[in-house]
Each structure stands twice: as structure tokens, then as C-alpha cells.
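Q: Before anything else, here's the structure in question.
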Amino acid sequence: GENVEQHPSTLSVQEGDSAVIKCTYSDSASNYFPWYKQELGKRPQLIIDIRSNVGEKKDQRIAVTLNKTAKHFSLHITETQPEDSAVYFCAASMDSSYKLIFGSGTRLLVRP
Amino acid sequence: DVKVTQSSRYLVKRTGEKVFLECVQDMDHENMFWYRQDPGLGLRLIYFSYDVKMKEKGDIPEGYSVSREKKERFSLILESASTNQTSMYLCASNSGQGISGYTFGSGTRLTVV
Chain A
334 GENVEQHPST LSVQEGDSAV IKCTYSDSAS NYFPWYKQEL GKRPQLIIDI RSNVGEKKDQ
394 RIAVTLNKTA KHFSLHITET QPEDSAVYFC AASMDSSYKL IFGSGTRLLV RP
Chain P
49 DVKVTQSSRY LVKRTGEKVF LECVQDMDHE NMFWYRQDPG LGLRLIYFSY DVKMKEKGDI
109 PEGYSVSREK KERFSLILES ASTNQTSMYL CASNSGQGIS GYTFGSGTRL TVV
């Protein structure tokens, strides 16, 4: 089955700097890759996703890149703000409606 | 706005008890999922269901079972609770019509003593 590895497990950046979180997956059949943000004590929320027919997708300060050949995808957050502090999870699936397999999570701390 | 409601926010049960965790969604979603969340391990899939009375095992089904008698309700059952099942349990649903993203419930923090 699918296996998703996520790095780093913790990331501390200065406000205004960029943050990058990386994930690799094992199943070449996967073609849907969402990212979820979980603030302390709250439920995970979808922040951005990408499908295998696209190499990069942006939404304001966040972007996701996908390299299908290497089976890895990354989340990029620019101009980080304290409210970006949270745990971020990557995931992979064969389809947006199918079961998601999640990475182990990255705790991002943005220092004011 | 889709609502996924988990019946209990916090639960404390004794070893060996049979435990029911309930999840209800109000948007007629076909797909429902149960995950457990542990620090450093992320969200691990326990069971999922794509239709009423249908269930499939996820990555860690041992010690758990599920029930989906009605479309809106997906129950997770711990047949005989053990201390290693102490965890945060998250339910999620998805429309199954190519629309992206899960909607998660608020979670149930289960402690088995």
C-alpha cells in the first residue's frame, strides 16, 4: 500500500522568512496530493491540493510543487506570519474521493 | 457548511470495556473515514466506508470494527479497549463526487485506563 514520509518533523522560522515542507510517496498510482493545516486543539483543514497533471499550484502565500518522476511533493509558505504556526500534514491518494494516506506531520513555529 | 459531529470530545474508559465512538455528517456524503492521531505518527487510517453497510480496512484495523447502518452515521467500535488504544480519534467525510478535501470532526480524545 501507499506510504508517505514527511520532513522535517519540526520547523522553526523567523516571521517573514519562507518555510518548506517535503513529502515523498511510494505508490506511483497516487495522483492527488492535499495539504492540511491543524491548529492547536482544532480539526485539520485543507489548505491546498495538487493533482498529478499539474506541476505547481499557488494560492497567495502558499504553493505546492509536485515531481511525479521522483515521487515527491513540497509545500512552500512565503512571508510567514505567526498565524501560520500549526501542524501541517501532507497526504496522497489515487483520487480526491478515495482514502487519504497521511504523512507524520510537521510542526511549524513562526517566531515573531 | 458541512458538519461532521463526533459525539464525545473526551472519553475515559477502562481496559476491557467495549467502546463506541459515533460520527454523524449532515451533507449526504457517501464516504466516511476513521483515523487515529498520535504524536509523531500523523493520522493513520483505521477503517473507511464508501456506502451504507460497506466497510473496508485501513492500515491499522486490528482491535477495531465499524458499523454503517445509515448513510449519515459511521461508528467505530473498540471491541475490548486496551491502553495502547489511548489516542485522538478523528472522523472525516467526503462527497465522493470528485470534490476535493475531507471534512473532519472535532475529534474524540479517548483515554483507556
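Line by line, the protein sequences give chains A and P. Under our numbering, the letters of the first sequence match residues 334 to 445, in that order. Under our numbering, the letters of the second sequence match residues 49 to 161, in that order. Using N, Cα and C, we set each Cβ at its ideal position, and we do this for glycine too.
Using only CA atoms, which one of P:E78, P:V160 and P:S135 lies nearest to K118 (chain P)?
A: What you label residue 118 (chain P) is simply residue 70 of the second sequence in a count that begins at 1. Looking from the CA of K118 (chain P), the closest CA among P:E78, P:V160 and P:S135 belongs to P:E78.
Q: Please name the residues in the segment 367-386 of chain A whose beta-carbon is closer than 7 Å to at least one beta-carbon of chain P, in chain order.
A: P367, R376, P377, L379 and D382
Q: Can you check whether the C-beta of I395 (chain A) is within less than 8 Å of a C-beta belonging to chain P?
A: Taking the first residue of the first sequence as position 1, residue 395 (chain A) is located at position 62. Judged by the 8 Å Cβ criterion, I395 (chain A) is not in contact with chain P.
Q: Kindly indicate which residue of A:L379, A:S430, A:L373 and A:R444 has the alpha-carbon position closest to the one of L408 (chain A).
A: Taking the first residue of the first sequence as 1, we reach residue 408 (chain A) at position 75. Among A:L379, A:S430, A:L373 and A:R444, the Cα nearest to that of L408 (chain A) belongs to A:L379.
Q: Does the CB of Y150 (chain P) have a neighbour CB from chain A at under 8 Å?
A: Along the second sequence, one-based indexing puts residue 150 (chain P) at 102. At least one chain A Cβ lies under 8 Å of Y150 (chain P).
Q: At a Cβ threshold of 8 Å, is G106 (chain P) touching chain A?
A: Counted from its first residue, the second sequence places residue 106 (chain P) at position 58. It does: the Cβ of G106 (chain P) has a partner Cβ on chain A nearer than 8 Å.
Q: Strictly below 7 Å CB to CB, what residues from chain P border K390 (chain A)?
A: Position 57 of the first sequence, counted from the start, is the residue given in the question as residue 390 (chain A). None at all; the shortest Cβ gap to chain P is about 12 Å.
Q: Is it right to say P87 (chain P) is buried, meaning 16 or more other beta carbons lie within 10 angstroms of its own, or is it exposed?
A: Translated into the one-based positions of the second sequence, residue 87 (chain P) becomes position 39. When all chains shown are included, P87 (chain P) counts as exposed.
Q: Leaving aside the five residues before and after S115 (chain P) along the sequence, list all residues of the same chain whose C-beta is less than 7 Å from its C-beta, in chain order.
A: Taking the first residue of the second sequence as 1, we reach residue 115 (chain P) at position 67. Cβ neighbours of S115 (chain P) beyond the five flanking positions: S123 and I125.
Q: Taking Cβ positions only, does S37 (chain P) come closer than 8 Å to chain A?
A: In this structure chain P extends from 49 to 161, so residue 37 (chain P) is not present and cannot be described.
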